[in-house]
Structure formats: C-alpha cells, structure tokens
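Since the structure comes first, as structure tokens, the remarks are kept for the end.
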Amino acid sequence: MVKGRNNRQDAIREIVRGKSIRTQRVLVQELEDAGYACTQATVSRDIADMGLRKLPEGVYVLAEDLHLQRMVSELVTDVNHSGNLVLVKAQPGTASGIAAAIDAADLPEVVGTLAGNDTILVVATSPESAEAFEGHINKLRNFR
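Be aware that the sequence shown starts at 86, since it is given in this note's numbering, and climbs by one per residue.
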C-alpha cells in the first residue's frame with residue numbers, strides 16, 4: 086500500500102509522541118511496521134520538514150512539543166487519568182502556563198484544558214486518548 090507524505094508525517098507525529106525514538110533507522114522501522122514503505126533519506130527529509138529536534142537525552146521531539154516538554158519536565162509533579170479525563174498536578178502557580186502549552190501543542194487526543202493554581206483538568210476525546218495523553222506527558226516528564 087502506497088501512502089503519501091502527509092499521511093507519513095502524521096504517522097511520524099504519532100510515533101514520536103508515543104515512543105522514545107532515538108535514531109532515524111528506528112523511525113524507518115516503526116513506519117514500515119505501520120505500513121509505510123520509505124527509506125532513511127525520506128525520513129531524514131521528513132524530520133527536517135517537520136522541524137523535529139533531538140533532546141539532550143537523544144530522543145526526537147516535535148517542535149510544537151518542545152515548549153510543552155520543557156514545562157512538563159520542570160513543573161509537572163503527577164499525572165493520572167480516569168475515563169476521558171486527565172488530572173495533571175504541577176508546581177503552585179504554574180497550571181495556567183502548562184495548560185496553555187498543552188493547548189498550543191494541538192494534540193489530536195485533547196479536546197481542551199481547564200487550569201487552576203496547581204491542577205490542570207484535560208478533557209480527552211476518549212478513555213483511550215486519555216491514557217495515551219497520560220503516557221505522552223509521563224514520557225515528557227522523564228526528560229530533564
């Protein structure tokens with residue numbers, strides 16, 4: 086099955102957000118596992134086009150997630166989900182900034198956020214999306 090560039094880049098977004106990808110070779114393999122036939126040169130061009138960056142830990146991150154990653158790694162203290170809701174606990178006084186970063190990242194699984202002083206309520210599209218969002222935030226928390 087031949088899949089186009091836009092679909093492949095959407096798949097790259099999903100893979101990079103869901104897994105710790107350290108090399109282009111691993112990303113090519115993940116894409117092949119998802120049904121995309123591509124070369125490392127193609128993936129290299131996609132990485133440049135999409136503005137992917139490598140964190141100091143050696144893991145790729147989307148440009149739009151970089152601000153979110155910085156905030157989450159420094160300020161988020163806990164994250165849990167129940168149903169399609171995710172509760173994010175943060176340092177006092179930082180919740181509104183983190184909620185704004187979540188909204189700016191334009192994550193497909195997030196409907197919206199509501200922030201207090203040290204707590205953010207994230208409404209996800211489904212219980213599965215809430216679980217995926219929790220995993221994404223926990224992944225970002227681990228990179229300091």
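Backbone N, C-alpha and C define an ideal beta-carbon position, used for all residues, glycine too.
- Note on Thr198: 16 or more other CB atoms within 10 angstroms of its CB, so buried under the neighbour-count rule.
- Taken atom to atom, the span from the alpha-carbon of Leu116 to that of Val208 is near 29 Å.
- One alpha carbon belongs to Thr179, the other to Ala96, and they sit about 32 Å apart.
- Cβ-Cβ distances below 6 Å link Ile187 to Thr198 in the same chain, with the five nearest sequence neighbours on each side left out; the list follows chain order.
- Three or more beta-carbon pairs separated by less than 8 Å are not found between the segment 160-173 and the segment 113-132, which leaves the two stretches without contact.
- DSSP, read as helix, strand or coil, puts Ala215 in helix.
- Linking Glu219 to Gly120 through their CA atoms gives a straight-line distance of about 26 Å.
- The three-state reading of DSSP puts Asp163 in strand, counting E and B together.
- At a cut-off of 3 residues, not a single continuous stretch assigned as beta strand (DSSP E) sits fully inside the segment 88-147.
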